[in-house]
Ligand SMILES: Nc1nc2c(c(=O)[nH]1)N[C@H]1C(S)=C(S)[C@@H](COP(=O)(O)O)O[C@H]1N2
Ligand SMILES: [Mo]
C-alpha cells in the first residue's frame, strides 16, 4: 500500500485502508505499562519453553544465525491509532520454533523483561505473520519501542507485540496475559474490532 503525505493525520482518510475505529498516528507513540528496561544485546535472551518444560535459549548471536528479513507492515493499537507501512527487520518466529518438536502446543504466552505477558495462538506466530524484530526504520530498535528485541504480530492489535521479549512459553490451552486479564480481548483482531472481551 502507498500513502501520500496529505493523508497523514487526517481522522477519516479517504482511500486509506484502516480497520474500523482507527485513525492515523503522527509520529510513533510509545505505550508501556511500566518503566523501559535497558537490556544490552549481550545480556538479552529469549527462552522458548515447551509444554513438557524443555527450554531452548536464543541469545543475540543465535538469533542472528537465523535468516532475517525486512518487513513493511501496518500496525494498529487498541487506543485507536494506526501506523501504515512501518519498516522492521527481524527473524520469523517460525524459524525459532522450526527445530522444536511439541505436538501438544496450541497457544503461546509471550513474556517480557519487566513482567508483561500476552497470549497468542501458536498458529498466529507461524506462517510468516510474526517476527522477533531488532531494527525499526533501518536503525537498531530503540529501548522505548522494545529494543533490543520485541515480538511483532502486526495482524493483531499491537498489545500482542510484546516489547523486550524474553520468553515464548508453549501451552496446550489458552491463558490470559496482562491486558487480557484486565478485560481486553483474548485474540484482538483489529479488523473485527476485538478490543474487549465482550466484543
Ligand atoms: N513489554 C511490554 N510490551 C508491550 C507493552 C508493554 O507495556 N510492555 N505495551 C503494548 C501495547 S498496549 C502497545 S500499543 C505496544 C506499543 O508499542 P510502542 O510503544 O512501540 O508503540 O506495545 C505493546 N507491548
Ligand atoms: Mo496498546
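Numbering (UniProt numbering), first residue to last: 1 to 199. Glycine included, C-beta positions come from ideal geometry on N, C-alpha and C.
Check, Outcome
"Out of curiosity, what's the CA-to-CA distance linking residue 87 and residue 52?", "36 Å"
"So, for residue 162: in the same chain, excluding its five sequence neighbours on each side, which residues have a beta-carbon less than 8 Å away from its beta-carbon?", "110, 111, 112, 116, 117, 118, 146, 150 and 151"
"Compute the minimum distance between the beta carbon of residue 164 and the heavy atoms of ligand 1, and state whether it is under 8 Å.", "yes"
"Measure the C-alpha to C-alpha separation of residue 30 and residue 144 and round it to an integer number of angstroms.", "7 Å"
"Tell me whether residue 195 sits in a helix, a strand or coil according to DSSP, three-state version.", "coil"
"Exposed or buried, which one is residue 124 when buried takes at least 16 other CB atoms within 10 Å?", "buried"
"Buried or exposed, going by whether 16 or more other CB atoms sit within 10 Å of the CB of residue 170?", "buried"
"Can residue 31 be considered in contact with ligand 3, in the sense that its beta carbon sits closer than 8 Å to one or more heavy atoms?", "Ligands displayed in this structure: ligand 1 and ligand 2; ligand 3 is not among them."
"Compute the Euclidean distance between the alpha carbons of residue 90 and residue 184, then round it to the nearest angstrom.", "27 Å"
"Between which two residues does the beta strand (DSSP E) carrying residue 170 extend?", "165 to 171"
"Measuring from the CB of residue 93, is there a heavy atom of ligand 1 at a distance below 8 Å?", "no"
"For the beta strand (DSSP E) that contains residue 118, what are its first and last residues?", "117 to 121"
"First and last residue of the beta strand (DSSP E) that includes residue 144?", "No beta strand (DSSP E) contains residue 144, which DSSP labels as neither H nor E."
"When the Cα of residue 57 is compared with those of 131, 127 and 97, which residue comes out closest?", "97"
"How many angstroms separate the CA atom of residue 44 from the CA atom of residue 148?", "7 Å"
"Assuming residue 105 contacts residue 122 (C-beta within less than 8 Å), just tell me the rounded distance between them.", "5 Å"
"For residue 28, collect the residues of the same chain with a Cβ closer than 6 Å to its Cβ; drop the 5 residues on either side in sequence, then sort them by chain order.", "none"
"Say yes only if the C-beta of residue 21 is nearer than 8 Å to one or more non-hydrogen atoms of ligand 1, and no if none qualify.", "no"
"Of the choices 71, 79 and 62, whose alpha-carbon is the least far from that of residue 32?", "79"
"Work out the CA separation of residue 199 and residue 193 for me, nearest whole Å.", "7 Å"
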